[in-house]
Amino acid sequence: MPPLTKEEIATAPSKCAPTSAPGPDGIPYFTWKQVNKENPSILLQILSPLVSLGYHPASLNRSNGIVLDKPGKPSYESPASFRIIVLIRTVSKILERIIASRLLLAARSKGMLNPNQSGSLPGLSTYDAVLTLFNDLKTPQRPRLKVLSLFLDIKAGFNNVDNSTPARILREGGIPHYLVSWVSSFLGERSCTLVFQGAPGTPAPVNVRPPQGSTISPLLFLLYISPLHFKVPWGLMISYVDDFALTAASPSSRGNICRLQELFEKLEAKALRIGVSFSVDKTELIHWRTLSQRNSPKGLSPIQIKGELFRPRDSLR
4 MPPLTKEEIA TAPSKCAPTS APGPDGIPYF TWKQVNKENP SILLQILSPL
54 VSLGYHPASL NRSNGIVLDK PGKPSYESPA SFRIIVLIRT VSKILERIIA
104 SRLLLAARSK GMLNPNQSGS LPGLSTYDAV LTLFNDLKTP QRPRLKVLSL
154 FLDIKAGFNN VDNSTPARIL REGGIPHYLV SWVSSFLGER SCTLVFQGAP
204 GTPAPVNVRP PQGSTISPLL FLLYISPLHF KVPWGLMISY VDDFALTAAS
254 PSSRGNICRL QELFEKLEAK ALRIGVSFSV DKTELIHWRT LSQRNSPKGL
304 SPIQIKGELF RPRDSLR
């Protein structure tokens, strides 16, 4: 294991928003930044053993859940009328950023992330996803091929990740042992104290997947779903975190519809093998038309996915 450096310690808190609410210990990022400014060795001495041993203490797996009511609900007698914002200890999130940075470098060096994955990855933003899509759909449009895209959303995202699976994926991918061990303890037993008026203030065990609000959870999720990607002849598959886009090109719009249905069935089969599925109701279809085709409504065929018919959209977000 490469030893933890003062540069890593300094970089992690600098990326944290000073206005973020602290977790159960009440220590904001501002405090850690000041501590590190006055004496850089303190955080280094606290976190170095945890990194070298590949261990995330159980005390850092305790969080507060701020219960907020969803506006506009007719009744607040159901738990579904509320949402929970999970607040994790700031020192834990600093450690998570350090591990996430190291894990990302290791995963990329082992080829564990697909080149067409973006979102929650440094240097791969929404712009990269959009430009990749537009570049690949313009190429087949030049010889006047028809181009269609099907947009899909993974249902429940993080909640479908089996906690025992990420460590196995990392181990099989050749990731260093200390990182695999840390991920295992990070995803281990967790507890949360719900905070609302009249709450007992008692921590309760929670069976969570990679926790929402954690800085490393998106990376673990991307590694989990990376096997869903496959090469699409005369087409493209890209993803932005849990959103997938399938693109097909051919001389016929109807041929593209059939091709997209086949691609979806293949993608769904791969998804079921890792325990995830797609929200059918969030499916969207678009026919990419050139300026010469813009005024012609012909060939704008709908697509049928799992018994539901989706008509093409003029625009989408």
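Counting from 1, position 233 in the sequence shown corresponds to residue 236 in the working numbering; the numbering is continuous, with no gaps.
Ideal Cβ placement from N, Cα and C applies to all residues, glycine included.
Computed from a predicted model, the values in this text were never measured in an experiment.
Task: Residues sharing a beta bridge with Asn67, DSSP - done: Along the sequence shown, read from residue 1 onward, the residue named residue 67 stands at position 64. Per DSSP, Leu90 and Thr196.
- [ ] Count the CB pairs spanning the segment 257-270 and the segment 218-229 that are closer than 8 Å, and state whether there are at least three.
- [x] In this structure the segment 257-270 does not touch the segment 218-229; the number of beta carbon pairs closer than 8 Å is below three.
- [ ] Look at the Cβ atom of Ile178, then the Cβ atom of Ala132, and state whether they are nearer than 9 Å.
- [x] Taking the sequence shown and counting its residues from 1, the one referred to as residue 178 is at position 175. Taking the sequence shown and counting its residues from 1, the one referred to as residue 132 is at position 129. No, the Cβ-Cβ distance between Ile178 and Ala132 is not below 9 Å.
Task: Meets three-Cβ-pair contact criterion under 8 Å: the segment 181-188 and the segment 53-66 - done: The segment 181-188 makes contact with the segment 53-66; the number of CB pairs closer than 8 Å reaches 3 or more.
Task: Three-state class that DSSP yields for Ile45 in the structure shown - done: Position 42 of the sequence shown, counting from 1, holds the residue named residue 45. Ile45: helix per DSSP, three-state reduction.
Open item on the list: DSSP has His290 in a bridge; who is on the other side?
Closed with: On the sequence shown, residue 290 is found 287 positions in, with the first residue counted as 1. Partner(s): Leu151.
TODO: Let me know if Ser121 comes out buried or exposed under the rule of 16 or more other beta-carbons within 10 Å of its beta-carbon.
DONE: Numbered from 1 along the sequence shown, position 118 holds the residue referred to as residue 121. The residue in question, Ser121, is buried, as its Cβ has 16 or more Cβ neighbours within 10 Å.
- [ ] Rank Ile260, Arg316 and Phe224 by C-alpha distance to the C-alpha of Asp165 and give the top, closest one.
- [x] For this step, residue 165 is matched to residue 162 along the sequence shown. For the residues Ile260, Arg316 and Phe224, the minimum Cα distance to Asp165 belongs to Phe224.
Open item on the list: For Pro208, report the span of its beta strand (DSSP E) as first-last.
Closed with: Looking up residue 208 in the sequence shown gives position 205. Where Pro208 is concerned, the enclosing beta strand (DSSP E) stretches over Ala207 to Val209.
- [ ] Return helix, strand or coil for Ser188, following the three-state DSSP convention.
- [x] As a working note, residue 188 is residue 185 in the sequence shown. Looking at Ser188 - three-state DSSP - the assignment turns out to be helix.
Task: Continuous alpha helix (DSSP H) stretch holding Asp317: start and end - done: By 1-based counting over the sequence shown, the position of residue 317 is 314. Run containing Asp317: none; DSSP gives neither H nor E here.
- [ ] Just list the alpha helix (DSSP H) runs in the segment 104-169, keeping only unbroken ones of 4 residues or longer that don't cross its boundaries, in chain order.
- [x] Qualifying alpha helix (DSSP H) stretches, in chain order: 129-144.
Open item on the list: Under 8 Å, with one C-beta from each stretch per pair, do the segment 22-32 and the segment 146-160 reach the 3-pair mark?
Closed with: no
Task: Segments of 3+ residues assigned as beta strand (DSSP E) that fall wholly inside the segment 201-289 - done: 207-209, 238-243 and 246-253
- [ ] Look up Glu80 in the DSSP assignment and say whether it is helix, strand or coil.
- [x] On the sequence shown, position 77 is the one that residue 80 refers to. Here Glu80 sits in coil by DSSP.
Open item on the list: If distances are taken between C-alpha atoms only, which option among Pro305, Ala170, Pro236 and Asp246 comes closest to Ser282?
Closed with: Numbered from its first residue, the sequence shown carries residue 282 at position 279. Taking only the C-alpha atoms, the option nearest Ser282 is Asp246.
TODO: Consult DSSP for Ile308 and reduce its assignment to one of helix, strand or coil.
DONE: Residue mapping note: residue 308 aligns to position 305 of the sequence shown, counting from 1. Strand at Ile308.
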